[in-house]
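Peer 1: Dumping the structure here so I can ask a few things about it.
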Amino acid sequence: MTSPTASTGPTAESSEVGRVVIVGAGDLGTRIGRLLRSAGRGVAGWKRDPSTLPEGFGRVPADLTRGSELPELPEDTAAVVFCPTAGARSAARYRAVYRDGLRALLERADRLGGRSGRRVRMVLVSSTAVHGGEEGLIDETSPLHPNTPTGEVLAETEQLLRSDDSVESVVLRLAGIYGPGRRRLLDQVLGGGFGAAAELTGSAQVSTAGSLGTDPWKISNRIHVDDAAASAAAMVTASECPSVLLGVDELPVPVGMVHDWLADELGLPRPWPHLIPEGVALDQVLHTGREDPLWSATPAHGRAVDGAALHRFLGGLRHPDFRSGYAPMLEKPAADD
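In structure tokens form, the structure reads like this:
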């Protein structure tokens with residue numbers, strides 16, 4: 001499988017140190033900014049209400065849906081991280097925030113380049129949703145086949161960035177983010193609203209966590225929010241960086257196995273007690289590779305995202321799989337996440 005252009009890996013700082021502008025400085029953006037500040041970089045956070053940003057951040061009010069009113073980039077800007085949240089999962093909202101917001105930002109980057117004679121590095125935080133419903137293993141060389149309206153907008157946004165040579169374009173496609181404050185799968189298991197657990201408790205198939213689904217063999221891909229933030233920060237500070245990286249941990253796995261592992265850890269009935277062969281420990285299955293006969297003999301299906309290029313680039317993840325990432329969340333109540 002072909003990897004993206006080789007990188008020298010992250011360094012303590014880029015070849016030209018300057019301010020980093022975080023556009024869409026929500027939870028993820030703030031985490032990215034904290035890492036950059038700890039590396040000695042100046043950080044400005046752009047968001048509609050910047051008053052909530054941590055001390056030490058430049059606080060800039062900015063509404064991406066009002067592109068003509070966006071401020072100009074500071075003269076000392078070396079990099080921009082574009083990581084907004086749409087606020088609603090509609091194509092119209094995604095288009096206004098992502099595609100049109102990025103277009104307005106690129107106009108400002110072009111003007112800055114005209115004044116300074118240099119290009120800023122633009123890191124776009126996108127999603128593996130641009131790969132749509134592809135089956136099998138995908139990596140950075142796989143074609144884009146978005147199969148949802150919002151995925152199509154993200155693919156359009158990536159293309160817009162790649163077509164603009166006024167900036168150095170870098171794309172980080174994240175799988176599902178989990179971690180403190182992001183408890184969807186954990187809340188599904190605690191709610192007991194699917195699989196055998198639903199039969200035991202009489203729970204409904206839908207809870208406040210959303211549609212729980214009934215396909216335990218659908219492969220799920222994820223990345224802990226700490227590793228997502230570290231990935232984006234490294235793509236800012238590295239002297240050389242691949243143009244595209246897939247942000248995912250080392251263990252794409254059928255979602256039912258995640259449910260069952262969480263249930264085991266919580267002392268709850270497994271939602272899918274017949275998911276693995278009788279007498280085979282769940283951890284034994286989870287420790288096998290995708291080419292192992294035990295894995296390949298299962299009806300697992302969907303896309304498995306290969307994050308090997310990112311793992312090499314970073315030199316490893318803090319949470320290489322969901323067990324490492326969820327363990328601290330199981331040790332303290334949700335309010336402390």
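Position 287 of the sequence shown, counted from 1, bears residue number 287 in my numbering, the numbering being contiguous throughout. Glycine is no exception: its CB is placed at the ideal position from the N, C-alpha and C atoms. What you are looking at is a predicted structure, and each value in this text was computed from that prediction instead of being measured.
1) Straight-line CA distance for Gly267 to Trp261?
2) Taking the alpha-carbon positions, what's the Phe322 to His274 distance?
3) Between Asp63 and the rest of its own chain, which residues show a CB-CB distance below 6 Å, the 5 nearest in sequence each way excluded?
4) Excluding the 5 residues flanking Gly24 on each side, which residues of the same chain have their C-beta closer than 6 Å to its C-beta?
5) Counting along the chain, where does the beta strand (DSSP E) carrying Val46 start and finish?
6) Looking only at C-alpha atoms, which of Val167, Glu135, Pro180 sits nearest to Pro252?
7) Does the Cβ-Cβ distance between Arg184 and Ser126 come in under 8 Å?
8) Go through the stretch 38–97 residue by residue and report every complete run of the beta strand (DSSP E) that reaches 3 residues or more, in order.
9) Looking at C-alpha atoms only, which residue of Asp187, Pro320, Tyr94, Val21 is the closest neighbour of Val120?
10) What are the uninterrupted segments assigned as beta strand (DSSP E) that are 3 or more residues long and contained completely in the stretch 165–196, given in chain order?
11) Among the residues of its own chain, which have a CB less than 8 Å from the CB of Ser51, if the five just before and after it don't count?
12) Does DSSP put Leu246 in a helix, a strand or coil?
13) Looking only at its own chain, which residues have a Cβ that is under 7 Å from the Cβ of Asp100, when we skip the five neighbours before and after it?
14) Drop a sphere of 10 angstroms on the beta-carbon of Gly316, count the other beta-carbons inside from all chains shown, and report buried for 16 or more, exposed for fewer.
15) Using only the alpha-carbon positions, how far apart do Ser163 and Glu72 sit?
16) My output table needs one value for Leu212: the three-state DSSP class, helix, strand or coil.
17) Rounded to whole angstroms, how far is the Cβ of Leu161 from the Cβ of Leu102, which I believe are closer than 8 Å?
18) If the criterion is Cβ atoms closer than 8 Å, does the pair Thr65 and Gly45 meet it?
19) Relative to the alpha-carbon of Ala79, which residue among Tyr98, Ala238, Asp249 has its alpha-carbon at the smallest distance?
20) Where do the N-terminal and C-terminal ends of the beta strand (DSSP E) with Arg303 fall, by residue?
21) Per DSSP, Val20 is paired with what?
22) Is it true that the CB of Ala196 sits closer than 8 Å to the CB of Phe313?
23) To the nearest angstrom, report how far apart Gly132 and Arg118 are at their CA atoms.
24) Pro254 by DSSP, collapsed to three states: which one?
25) Check whether the Cβ of Asp187 lies closer than 8 Å to any Cβ atom in chain B.
26) Excluding the five sequence neighbours on either side, which residues of its own chain have a C-beta within less than 6 Å of the C-beta of Leu137, listed in chain order?
27) Could you check the C-alpha separation between Pro269 and Glu55 for me, to the nearest Å?
28) Does DSSP put Glu13 in a helix, a strand or coil?
29) Apart from the five residues on each side of it in sequence, which residues of its chain come closer than 6 Å, Cβ to Cβ, to Arg95?
30) Tell me, which residues are paired with Val125 by DSSP?
31) Buried or exposed: which applies to Leu330, given that a residue is buried once 16 or more other Cβ atoms fall within 10 Å of its Cβ?
32) Between the alpha carbons of Gly26 and Ala232, how many angstroms are there, rounded?
Peer 2: From the atom records:
1) Here residue 267 is taken as the residue at index 267 of the sequence shown, counted from 1. Here residue 261 is taken as the residue at index 261 of the sequence shown, counted from 1. For Gly267 and Trp261, the distance between alpha carbons rounds to 10 Å.
2) Numbered from its first residue, the sequence shown carries residue 322 at position 322. Numbered from its first residue, the sequence shown carries residue 274 at position 274. Near 21 Å, if we compare the C-alpha coordinates of His274 and Phe322.
3) Counting from 1 along the sequence shown, the entry for residue 63 is found at position 63. Closer than 6 Å at Cβ, skipping near neighbours: Arg48.
4) Within the sequence shown, numbered from 1, the residue matching residue 24 stands at position 24. The answer, listed in chain order, is Cys83, Pro84.
5) Here residue 46 corresponds to residue number 46 of the sequence shown, with the count starting at 1. Strictly speaking, residue 46 in this sequence is Trp, with Val absent from that position. First-last of the beta strand (DSSP E) with Trp46: 43–47.
6) The residue you call residue 252 lines up with position 252 of the sequence shown. Of Val167, Glu135, Pro180, the residue nearest in Cα terms is Glu135.
7) On the sequence shown, position 184 is the one that residue 184 refers to. On the sequence shown, position 126 is the one that residue 126 refers to. Cβ distance not < 8 Å, so Arg184 and Ser126 don't count as in contact.
8) 43–47, 58–61, 77–82
9) For the purposes of this step, residue 120 is taken as the residue at position 120 of the sequence shown. For Val120, the nearest C-alpha among the options comes from Val21.
10) 168–174, 176–178
11) The residue labelled residue 51 in the question sits at position 51 within the sequence shown. So the list reads Arg59, once near-sequence residues are dropped.
12) Here residue 246 refers to the residue found at position 246 when the sequence shown is read from its first residue. In the structure shown, Leu246 sits in a strand (DSSP, three-state: E or B).
13) Along the sequence shown, read from residue 1 onward, the residue named residue 100 stands at position 100. Closer than 7 Å at the Cβ level, and outside the excluded window around Asp100, lie Gly67.
14) Here residue 316 refers to the residue found at position 316 when the sequence shown is read from its first residue. Result: exposed.
15) What you label residue 163 is simply residue 163 of the sequence shown in a count that begins at 1. What you label residue 72 is simply residue 72 of the sequence shown in a count that begins at 1. Cα to Cα, the separation comes out at about 21 Å.
16) Counted from its first residue, the sequence shown places residue 212 at position 212. In this prediction, Leu212 scores a pLDDT of 42, lower than 50, which makes its location untrustworthy; no coordinate-derived value is stated.
17) In the sequence shown, counting from the first residue as 1, residue 161 sits at position 161. In the sequence shown, counting from the first residue as 1, residue 102 sits at position 102. Rounded, the Cβ-Cβ distance is 6 Å, consistent with contact.
18) The residue you call residue 65 lines up with position 65 of the sequence shown. The residue you call residue 45 lines up with position 45 of the sequence shown. For Thr65 and Gly45, no; Cβs fall outside 8 Å.
19) Within the sequence shown, the letter at position 79 stands for residue 79. Selected option, being the one with the closest Cα: Ala238.
20) Taking the first residue of the sequence shown as position 1, residue 303 is located at position 303. Arg303 -> beta strand (DSSP E) spans 303–305.
21) The residue given as residue 20 occupies position 20 in the sequence shown. According to DSSP, Val20 bridges with Val43, Ala79.
22) Taking the sequence shown and counting its residues from 1, one reaches residue 313 at position 313. Taking the sequence shown and counting its residues from 1, one reaches residue 196 at position 196. No, these two residues do not count as a Cβ contact at 8 Å.
23) For the purposes of this step, residue 132 is identified with residue 132 of the sequence shown, where counting begins at 1. For the purposes of this step, residue 118 is identified with residue 118 of the sequence shown, where counting begins at 1. C-alpha separation (whole angstroms): 36 Å.
24) To locate residue 254, count along the sequence shown from 1; it is residue 254. Of the three classes helix, strand and coil, the one that applies to Pro254 here is strand, per DSSP.
25) Reference to chain B is not applicable here, since this structure consists of a single protein chain.
26) Residue mapping note: residue 137 aligns to position 137 of the sequence shown, counting from 1. If we look at Leu137 and ignore the five residues flanking it on each side, its Cβ neighbours are Ala304, Asp306.
27) As a first step, residue 269 must be located in the sequence shown, where it is residue number 269. As a first step, residue 55 must be located in the sequence shown, where it is residue number 55. So the alpha carbons of these two residues sit roughly 45 Å apart.
28) Sequence index remark: in the sequence shown, residue 13 carries index 13 (1-based). Because the pLDDT of Glu13 is 38, which lies under 50, any placement of that residue in the model is unreliable, and the question is left without a value.
29) On the sequence shown, residue 95 is found 95 positions in, with the first residue counted as 1. Only Val153 meet the Cβ criterion.
30) Along the sequence shown, one-based indexing puts residue 125 at 125. For Val125, which the question treats as bridged, DSSP gives the partners Leu172.
31) Your numbering for residue 330 matches position 330 in the sequence shown. With fewer than 16 other Cβ atoms within 10 Å, it is exposed.
32) Counted from its first residue, the sequence shown places residue 26 at position 26. Counted from its first residue, the sequence shown places residue 232 at position 232. Going from the Cα of Gly26 to the Cα of Ala232 covers about 14 Å.
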